[in-house]
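Chains as they are written, first to last, in the numbering used here: chain A, 1295 to 1706; chain B, -10 to 210.
All remarks here apply to the structure that follows.
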Amino acid sequence: MLKNYFKIAIAVLKRRKFFTFISLFGISFTLTVITVAVAFLNKFINEDYPDFKRERSLYVGTMELKNTKEGWLNRSDVSFYFLDHYVSKLQRVEKMAISSTAQASNAFVNNKKIVIEYKYTNADYWNVLEYEFLEGKPYGAQEILNASRVAVISEETRDDYFGPNVHAVGKYISADNINYRVIGVVKNVSKTLYNFAGDMYIPYTISRQDWNEVALLGNCNAVLLAKTPQEIPQLKQDFEQMMRKVPLPDKEFDKAFSNADTYFESVTRTFAGDGENSGVTKATGLLLTLLSIFLLLPTINLVSINITRIMERSSEIGVRKAFGASSSTLVYQFIVENLILTIIGGLLGLLLSMLAIYFINEAELVSNMQLSLSPRVLGYSLLACILFGLLSGVYPAWRMSRLNVVHALKAQ
Amino acid sequence: MIRLENIEKVYRTDTVETLAINGINLHVQKGEFLSIMGPSGCGKSTLLNIMGLLDEPSRGQIRIDDQDISRYSDKQMASFRNERLGFIFQSYHLINDLQVLDNVELPLLYRNSSAQSRRALATAALEKVGLSNRTKHFPTQLSGGQRQRVAIARAIVGQPQIILADEPTGNLDSAMGNEIMDILINLNRNEGTTIVMVTHDESMAQKTHRLVRLFDGSQVQ
Chain A
1295 MLKNYFKIAI
1305 AVLKRRKFFT
1315 FISLFGISFT
1325 LTVITVAVAF
1335 LNKFINEDYP
1345 DFKRERSLYV
1355 GTMELKNTKE
1365 GWLNRSDVSF
1375 YFLDHYVSKL
1385 QRVEKMAISS
1395 TAQASNAFVN
1405 NKKIVIEYKY
1415 TNADYWNVLE
1425 YEFLEGKPYG
1435 AQEILNASRV
1445 AVISEETRDD
1455 YFGPNVHAVG
1465 KYISADNINY
1475 RVIGVVKNVS
1485 KTLYNFAGDM
1495 YIPYTISRQD
1505 WNEVALLGNC
1515 NAVLLAKTPQ
1525 EIPQLKQDFE
1535 QMMRKVPLPD
1545 KEFDKAFSNA
1555 DTYFESVTRT
1565 FAGDGENSGV
1575 TKATGLLLTL
1585 LSIFLLLPTI
1595 NLVSINITRI
1605 MERSSEIGVR
1615 KAFGASSSTL
1625 VYQFIVENLI
1635 LTIIGGLLGL
1645 LLSMLAIYFI
1655 NEAELVSNMQ
1665 LSLSPRVLGY
1675 SLLACILFGL
1685 LSGVYPAWRM
1695 SRLNVVHALK
1705 AQ
Chain B
-10 MIRLENIEKV
0 YRTDTVETLA
10 INGINLHVQK
20 GEFLSIMGPS
30 GCGKSTLLNI
40 MGLLDEPSRG
50 QIRIDDQDIS
60 RYSDKQMASF
70 RNERLGFIFQ
80 SYHLINDLQV
90 LDNVELPLLY
100 RNSSAQSRRA
110 LATAALEKVG
120 LSNRTKHFPT
130 QLSGGQRQRV
140 AIARAIVGQP
150 QIILADEPTG
160 NLDSAMGNEI
170 MDILINLNRN
180 EGTTIVMVTH
190 DESMAQKTHR
200 LVRLFDGSQV
210 Q
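Next comes the structure, spelled out in structure tokens:
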């Protein structure tokens, strides 16, 4: 039976080539966009180098001070003082990785300008995050204590500054007129992980900045590592309780918000939320709405093409009914045919996606970001394909199954 | 075998009501070859469609083998048509996208039969109509007579007890028409298949056991 449906589906596809082109283009283009978008999202949301412990990590990124009476607020990254003085005291925090936002410094090598984005970190930064060292090692508590002028640089910085694949450990690199001894080289981090991507990492104690200045707003962010994933909800609560006790810096503000977020919450908060609201619902709703609209338009197009195609085949429908096909059998047949069409479109879409991803990676749209078609992305694409096939096939098939046999036979 | 009791068929539009069949009572015996004649628009095809459960009467009852089939569900109706009835149409109604063998197999797709047995039965049916050498052809590659023979093979492949033929020779020249008629007569004679045929051709009708004439929806002979 399925073989028969397959033969018919292929014959119908060959019959009206323009319709087939429009249908396949609609499906494959939509799927390509969805697949590439999912690959992007995958890069943002799922565990990725060097942040591999997300299930037991919470992210502290922003501090929001609010004057609820006047309705204005001040929002920024958190201060080192806040992390060191309050957050590090939480008992369920096993380790805390602190890093500053990146600062840029220009270096000139062989008359070529190199922009080095450097970050200050603490020692536990290297224990919480799992950077892959191509050579050397990270700095530890002793170097932090001594304010040693040492640096861990990225592979890209090494290649630009010292030359491709040149051994860099022990050599000196200059940023803002200070020479740092390179003690480690790490594999590049995708710019999508903006909290962890950098060209150079140095001990925070080197900075002239007063890290102990009493303030809540600053230029740091942190990853809090719990002992087990089960402790995460409790750690979130501990953080909330702690926030209630944090004194406000001045009378200008009457409320302070900072959150220990899961990674997804930390992403959604930046574009869809604020201090009080993580923005997960809003962001998820927005994504789903966009996805629905994006799926709906080609679906409506396919529905109308399918109706035209099916009505062209009314004689066949009449014959099938006359020889014993029930309405439900015919609905099944046309849905299967439509699924065959969408799966062919899906395969083309996958091919296009692979090409698109290849070109996006080649073009380095985002520094060091390598998109990939993971099994998860493939799974979502397949799901979208089936959803597409069902959505665009069910209504035309239902309409067709209600055709009167005599009218259907006369239609030829 | 087929008993039509007081069958009426009315077509309604917003303004007009047309009586296509007017109180017809007809009993077709098992193994009979019956022809229905009448001028165009007298309700011959409508009557045949009602007998074949392709159309519903506005009034009256259809009994086949003493079963009242007017209360059948869509599924039961479909299965009844599949197992007991075979159709032959004037314009063949073959599926042009399928090869001859696939067209003939079609009724068997809606039964629980293996691909192998479907193939064997379809090949045997094509042999009966003398087209075993055209199995891989598409309908558009065949002549009118050959297409009608494929349609007959499709009608008989499921070994139905009743064949309903709506002007099976209507689109063919007399030589081809006679060939088709011979196949139908042989089916009726050798296999005992009950056949009801609508025709315009008096000479074809004379070859059947009984002739029923319709005029303006009523039986006149």
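C-beta atoms are modelled at their ideal positions from N, C-alpha and C, and glycine is treated no differently.
None of the values given here were measured: they were computed from a predicted structure.
Tell me whether residue i sits in a helix, a strand or coil according to DSSP, three-state version.
| i | result |
| --- | --- |
| A:A1616 | helix |
| A:L1685 | helix |
| B:E191 | helix |
| A:E1606 | helix |
| A:R1696 | coil |
| B:C31 | coil |
| B:T4 | coil |
| A:N1298 | helix |
| B:G206 | coil |
| A:E1437 | helix |
| A:Y1453 | Per the sequence shown, residue 1453 of chain A should be read as Asp rather than Tyr. The answer is helix: DSSP assigns A:D1453 an H, G or I state. |
| A:S1399 | strand |
| B:E(-3) | strand |
| B:N38 | helix |
| A:I1594 | helix |
| A:T1583 | helix |
| A:W1366 | strand |
| A:L1664 | Looking at the sequence shown, residue 1664 of chain A is not Leu but Gln. In this structure, A:Q1664 counts as coil in the three-state DSSP scheme. |
| A:V1625 | helix |
| A:T1415 | strand |
Is the shortest distance between the beta-carbon of residue i and the beta-carbons of chain B less than 9 angstroms?
| i | result |
| --- | --- |
| A:N1298 | yes |
For chain A, check one thing: does any of its Cβ atoms lie closer than 9 angstroms to the Cβ of residue i?
| i | result |
| --- | --- |
| B:R108 | no |
| B:L143 | Reading the sequence as shown, one finds Arg at residue 143 of chain B and not Leu. Output row for B:R143: interface = yes. |
| B:A9 | no |
| B:G147 | yes |
| B:A104 | yes |
| B:F22 | no |
| B:F78 | yes |
Tell me, to the nearest whole angstrom, how far the beta carbon of residue i is from that of residue j; I am working on the premise that it is less than 8 angstroms.
| i | j | result |
| --- | --- | --- |
| A:N1361 | A:L1511 | So it is not a contact: roughly 14 angstroms between Cβ atoms. |
| B:I(-9) | B:G75 | Their Cβ separation, rounded to whole angstroms, is 14 angstroms, which puts B:I(-9) and B:G75 out of contact at 8 angstroms. |
| B:T35 | B:K64 | Wrong, their Cβ atoms sit about 24 angstroms apart, outside the cutoff. |
| A:K1337 | A:T1486 | 5 angstroms |
| A:N1482 | A:E1450 | 5 angstroms |
| A:S1621 | A:S1695 | 4 angstroms |
| A:N1515 | A:N1473 | Actually they are not in contact, since the Cβ atoms of A:N1515 and A:N1473 sit about 27 angstroms apart, beyond 8 angstroms. |
| B:A194 | B:M26 | 5 angstroms |
| A:E1507 | A:Y1419 | With a Cβ gap of about 21 angstroms, A:E1507 and A:Y1419 do not count as contacting. |
| A:S1399 | A:Y1498 | The pair is not a contact, with the Cβ atoms about 16 angstroms apart (cut-off 8 angstroms). |
| A:I1302 | A:A1678 | Wrong, their Cβ atoms sit about 25 angstroms apart, outside the cutoff. |
| A:G1569 | A:T1562 | About 13 angstroms separates the two Cβ atoms, so there is no contact after all. |
| B:V93 | B:A111 | 4 angstroms |
Check whether the Cβ atoms of residue i and residue j sit closer than 9 angstroms, and answer yes or no.
| i | j | result |
| --- | --- | --- |
| A:L1518 | A:V1688 | no |
| B:I13 | B:Q148 | no |
| A:L1325 | A:I1638 | no |
| B:I169 | B:Q137 | yes |
| B:I174 | B:K117 | no |
| A:L1635 | A:S1317 | yes |
| A:E1429 | A:G1478 | yes |
| B:S59 | B:I51 | yes |
| A:S1608 | A:A1702 | yes |
| B:L95 | B:R143 | yes |
| A:Y1455 | A:V1403 | yes |
| B:R123 | B:V89 | yes |
| A:V1444 | A:I1392 | no |
Check the Cβ-Cβ distances between residue i and every residue of chain D, and say whether any is below 9 angstroms.
| i | result |
| --- | --- |
| A:V1540 | Going by chain labels, chain D is absent from the structure shown, which instead holds the protein chains A and B. |
The region 80 to 100 of chain B: which residues have C-beta closer than 7 angstroms to a C-beta of chain A, in chain order?
Of all residues in the region 80 to 100 of chain B, S80, H82, I84, D86, L87, D91, L95, P96, L98 and Y99 have a Cβ within less than 7 angstroms of some Cβ in chain A.
Under 8 angstroms, CB to CB, which of the residues in the region 1606 to 1628 of chain A have a partner in chain B?
Flagged, chain order: S1609, E1610, G1612, V1613, R1614, K1615, A1616, F1617, G1618, A1619, S1620, S1621, S1622 and T1623.
Residues in the region 1677 to 1705 of chain A having any Cβ partner in chain B nearer than 7 angstroms:
So the list reads V1699, V1700 and L1703, given in the order they occur along the chain.
Using a Cβ cut-off of 8 angstroms, which residues of the region 36 to 47 of chain B contact any Cβ in chain A, in chain order?
Cβ contacts with chain A: N38, G41, L43 and D44.
Beta carbons nearer than 7 angstroms to chain A: which residues of the region 63 to 76 of chain B have them?
The residues in question are D63, K64, A67, S68, R70, N71 and F76.
Members of the region 1301 to 1327 of chain A near chain B, C-beta cut-off 9 angstroms
Residues passing the 9 angstroms Cβ filter: K1301, I1302, I1304, A1305, V1306, K1308 and R1309.
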